[in-house]
Amino acid sequence: MRPTACTPALVVTTLAITAVLNVGAARAQVLCGDSVSAKVTMTTDLVCGTNPGFTVNGGGSVDMGGHRVTACAGCTGVALAGQGAKLSNGSVVGSGAGSIGVSLAGSGVHQVENVAVAGAEVGFGATSGKNKVRNCAAYGATTGFSFTGDKNAISRSHSSGALNNFVIIGANNNLTENTSSNATGVGGAGIRVSGNANKLSRNTSGSDQVEYGVRIAGNGNKLLLNVVNGATGGNGLDVAGDENKISKTTSAGSGDIGINLVGGLNKLSKNASYDSGTNGMVVNGAGNNVNASNSSNNIGVGIGILGGTANSLNSNVAMANAAEGILLEVTATDSSVSKSVALDNLVDLQDDNSNCDNNVWQKSVYRTKEAGGVPGDACIQ
Amino acid sequence: MRLAMGRFSFAVAALAVVFAFDISAASGQVNCNDVVSTKVAMTTDLVCGGNPGFTVNGGGAVDMAGYQLTACAGCTGVALVGQAAQLSNGSIVGSGAGSVGVSLGGSGKHQVAHVTVTGAETGFGGSSGSNKLKNNTAYGASTGFSLTGDKNALGRNHSSGSTFANFIVIGDSNNLTENTSAATTGAASGGIYVSGNANKLNRNVSNGDQAAGSALAVGGNENKLNLNTVSGSAGLGGLLVFGNENKLIKSVAVDNAGVGIGISGNLNKLTSNAAYDNQLSGIDIAGNGNSINASNSSNNVESGINVPSGDANSFKSNVVMHNTLHGIFLFGGVTNSSLSKTVALENVDDDLRDDNANCGSNVWAMSVFRTSEVAGFPSLGCIQ
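Residue numbers (my numbering), protein chains in the order written: chain A, 90 to 470; chain D, 2 to 385.
Here you go:
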């Protein structure tokens, strides 16, 4: 009898030792309603009636192991809470109004990698900062990725078919090599960023059918090597704000304006805009620089300054636009246009101010010009 | 009289001095049929009946200064001959079968910048090498840019609406950077077509090419493609590569009617590419010894990565999600492939599929997936 009474104690002790020694190994299954604080690997799919399906706390890590969480209607699939939670390698299926596939809340610094969300109203929703999201995908959402916070990093992720594929609100966020495609609906955007000092590099908006392919509102943002193709619903790249830097963007086949900028002290360098439904590049503001850019074969104006003072256009190329190659409207003053090459446009160079007013045109290559309604006005050089 | 003659002599001498010291200044007008060997700036439009309209010899430079040359039907507008002729800043209108806007012949090393060609059958054409073309455009041609030669450099040029191809570049060691192709029409063969070896294509963009062929096609060996984007094409494929030992890095193929990225050949390396929303497979591999790493292929109407044939291909760390057919699909007869660290989720049919009995000689390891099928058997253990 005594050995039997002792045996359970020995077994319990052995299990405890095992648990202590194996603390680094993922253990056991996640269950609906769980709040995970350790490293866990899922071993089966979950269909959860709880909201959220399960929670990963700060310091916790769930490897979904390829498994799926099906959330209840209007619920959140997986909630990341606290600081520094991790989620990877699985899929979340959501449904209904208010549903979120993966929520990134708490104090942020979460990591999400290799997760697909389908059906939820919001695929990935963050209300925190310093999160890292990589190789994730959202399909059929109203918003694929909706992030409000600072210093979030989203890379090589994809969303298609949403009203807004990516919505980023905050400062110092970094979007790299993400792809938005086939956004649909009224007033949406493929990629929408609102805030300051954000960086967008090598993102692609392809065939987004909404109001904007890429829409940036804020100051001090940097855009490099982004491509907006076939944004037939509206403007390709639309920027509102000051002191933004936009380099080597290509916008082709936009339904409206290829690159539209409203604001001041922005710098546009080496961008290209082709085959837009209206104007190729439009600037409205003060103190902007547009340099070394190409804008050709647009249904409207190649490069137009619609208003503002002290804008500078240098070494740009505008060819075969159905309207003016380079245009300064009557409200554009104190601007300089130099070293332009404008050919085969309806009017190559045009300044709507009488005798160019105090705009300075120099060293241009062109065939036709007009200033203040006067063809061939000598103020355009 | 002597004084008059003296003045004349002085004037001639003075002119000679001017020419001697001002050789860098463009002088005079170009006329139809001229053969230009110095630096000249046009001062008026030209309508030329001769073929070519005018010629620029090696060492000569014509600044068109914004003027336009209209060539005769079937003619060449401007011919660059010899070596290192230059043409810039103007427009050429051509017409008729056989017409060429700017021909780059002779020994090459020509430079063409800021020239636009409309109406010619070939916008910019030539059979020479080491030419540099920058910031030019061609519209409404049969072929916008057609160059046969080596070491040509095309940068920031644009062609749209061609009925055959916007860009055709045949040769070796050519460099295409930041060119844009759009809206080829009809039975056009392609948007951008490069044939040869050791060519480099960086940051080119094709949008809305309606070509029956491919929006961007490269045929040859050891070519390097970096950061090119192809979208909205209507033909067989977005980005197609035929040949061996080519490298594709960070290409993006979105919303094409055919395959997003197609490889036919051996020992090619694909790294960090992306293929989304294409109407056939995202990435299609046919050949041997190819490696496909860190690429994303998702939401395509067929499979994410489709391998109809081949031996000893390697697939590592790829992500394939939400494809309408399979995530990764190895056809029967595909051998000695290794697939590791794949993430394949939410693909409608199978996340991972191998049509070889017990995976044949293919090795699958460390995959993340939900569904698999091997030679008709679901969830057979050889797919890991």
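Virtual Cβ for every residue (Gly too), placed ideally from N, Cα, C.
Please go through the same chain and pick out, in chain order, the residues whose beta-carbon is closer than 7 Å to the beta-carbon of residue i, but skip the five residues on each side of it.
i, result
"D:V341", "Note that residue 341 of chain D is Ser in the sequence shown, not Val. If we look at D:S341 and ignore the five residues flanking it on each side, its Cβ neighbours are K317, A366 and M367."
"D:S38", "N58, G60 and G61"
"A:G274", "L252 and V299"
"A:A467", "none"
"D:G382", "none"
"A:N447", "T422 and D423"
"D:S143", "E122, T123, S163, T164 and F165"
Over what stretch of residues does the beta strand (DSSP E) that includes residue i continue unbroken?
i, result
"D:E179", "Unbroken run through D:E179: none, as it is neither H nor E."
"D:D312", "I306 to D312"
"A:L314", "No beta strand (DSSP E) holds A:L314; DSSP gives it neither H nor E."
"A:Q298", "Looking at the DSSP string, A:Q298 is not in any beta strand (DSSP E), and its letter there is neither H nor E."
"A:V380", "Checking the sequence shown, residue 380 of chain A turns out to be Asn, not Val. Its beta strand (DSSP E) spans residues N378 to N380."
"A:A215", "V211 to A215"
"D:D173", "Taken as a continuous stretch (DSSP letters only), D:D173 belongs to no beta strand (DSSP E), as it is neither H nor E."
"D:N294", "S292 to N294"
"A:L402", "S401 to N403"
"A:A72", "The displayed coordinates of chain A run from 90 to 470. Any statement about residue 72 of chain A would go beyond what the structure contains."
"A:E459", "K458 to A460"
"D:M322", "V320 to M322"
Under 8 Å between the Cβ atoms of residue i and residue j?
i, j, result
"A:S336", "A:L313", "yes"
"A:N261", "A:N220", "no"
"D:G305", "D:G334", "no"
"A:G195", "A:G171", "yes"
"D:I93", "D:V79", "yes"
"A:S249", "A:F255", "no"
"A:G208", "A:G183", "yes"
"A:S192", "A:R223", "no"
"D:A199", "D:D173", "yes"
"D:G233", "D:I262", "no"
"D:M75", "D:G99", "The displayed chain sequence assigns Gly, not Met, to residue 75 of chain D. Yes, Cβ-Cβ distance for D:G75 and D:G99 is below 8 Å."
"D:S315", "D:S296", "no"
"D:D151", "D:A183", "no"
"A:T216", "A:I189", "no"
"A:G352", "A:D327", "no"
Within its chain, find whatever has a CB closer than 6 Å to the CB of residue i; leave out the 5 residues flanking it on each side and keep chain order.
i, result
"A:I257", "F236 and V282"
"D:D23", "Confidence at D:D23 is low in this model, with a pLDDT of 31, below 50, so its placement is unreliable and no value can be given for it."
"A:V316", "T293 and T339"
"D:L105", "L81, H111, G127, S129 and N132"
"D:C73", "G50"
"A:L402", "V379 and V426"
"A:S180", "R157 and A205"
"D:V260", "G238, L281, S282 and D285"
"A:T398", "A375, T422 and D423"
"D:S298", "A276, G283, I284, G305, I306 and V321"
"A:S270", "S249, G295 and S296"
"A:C445", "A460 and C468"
Please report the Cβ distance between residue i and residue j, rounded to the nearest whole angstrom; I am assuming they are in contact, meaning their Cβ atoms lie under 8 Å.
i, j, result
"D:A86", "D:A66", "No, D:A86 and D:A66 are not in contact; Cβ-Cβ is about 17 Å, not under 8 Å."
"D:K251", "D:N274", "6 Å"
"A:I394", "A:L417", "5 Å"
"A:N318", "A:G342", "6 Å"
"A:G389", "A:L350", "With a Cβ gap of about 15 Å, A:G389 and A:L350 do not count as contacting."
"A:V125", "A:T159", "No, A:V125 and A:T159 are not in contact; Cβ-Cβ is about 18 Å, not under 8 Å."
"D:E303", "D:H323", "No, D:E303 and D:H323 are not in contact; Cβ-Cβ is about 12 Å, not under 8 Å."
"D:G311", "D:A287", "6 Å"
"D:K135", "D:G156", "5 Å"
Tell me which same chain residues have a C-beta within less than 8 Å of the C-beta of residue i, skipping the five on either side of it?
i, result
"A:A409", "S385, N386, L432, D433 and N434"
"A:A94", "Residue confidence for A:A94 is low, a pLDDT of 40 falling below 50, so the modelled location carries little weight; the figure read from the coordinates is stated next. Answer for A:A94: no residue qualifies."
"A:T132", "A117, Q118, G154 and H156"
Determine, using beta carbons only, whether residue i comes closer than 8 Å to chain C.
i, result
"A:T338", "This model lacks chain C altogether, as its protein chains are A and D."
**OP:** Could you name the residues of the segment 417-431 of chain A whose beta carbon sits closer than 9 Å to any beta carbon of chain D, in the order they occur along the chain?
**Re:** V430 and A431
**OP:** Name, going along the chain, the residues of the segment 289-311 of chain A whose beta-carbon falls closer than 8 Å to a beta-carbon of chain D.
**Re:** R291, T293, G295 and S296
**OP:** With 7 Å as the C-beta to C-beta threshold (strictly closer), list the residues of the segment 368-396 of chain A near chain D in chain order.
**Re:** N383, S385 and N386
Original post:
Between the segment 280-310 of chain D and chain A, which residues of the former have a C-beta closer than 8 Å to a C-beta of the latter?
Top reply: N297, S299 and N300
Subject >> Where the segment 112-126 of chain D meets chain A: residues whose CB sits under 7 Å from a CB there >> reply: H115, T117 and T119
Original post:
Of the residues that make up the segment 221-241 of chain D, which ones have a beta carbon closer than 9 Å to any beta carbon in chain A?
Top reply: L228, T230, V231, S232 and G233
Original post:
Listed from N- to C-terminal order along the chain, which residues in the segment 133-156 of chain D have their beta-carbon within a distance smaller than 8 Å of any beta-carbon of chain A?
Top reply: N136, T138 and Y140
Original post:
Looking at chain A, which residues of the segment 161-184 of chain D have a Cβ within less than 7 Å of any of its Cβ atoms?
Top reply: S161, T181, A183 and A184
Original post:
Listed from N- to C-terminal order along the chain, which residues in the segment 319-337 of chain D have their beta-carbon within a distance smaller than 7 Å of any beta-carbon of chain A?
Top reply: V320, M322 and H323
Original post:
Listed in chain order, which residues of the segment 400-419 of chain A have Cβ atoms closer than 8 Å to some Cβ of chain D?
Top reply: V406, M408 and A409
Original post:
In the segment 52-86 of chain D, which residues sit with their C-beta less than 9 Å from some C-beta in chain A, listed in chain order?
Top reply: D64, M65, A66, G67, Y68 and Q69
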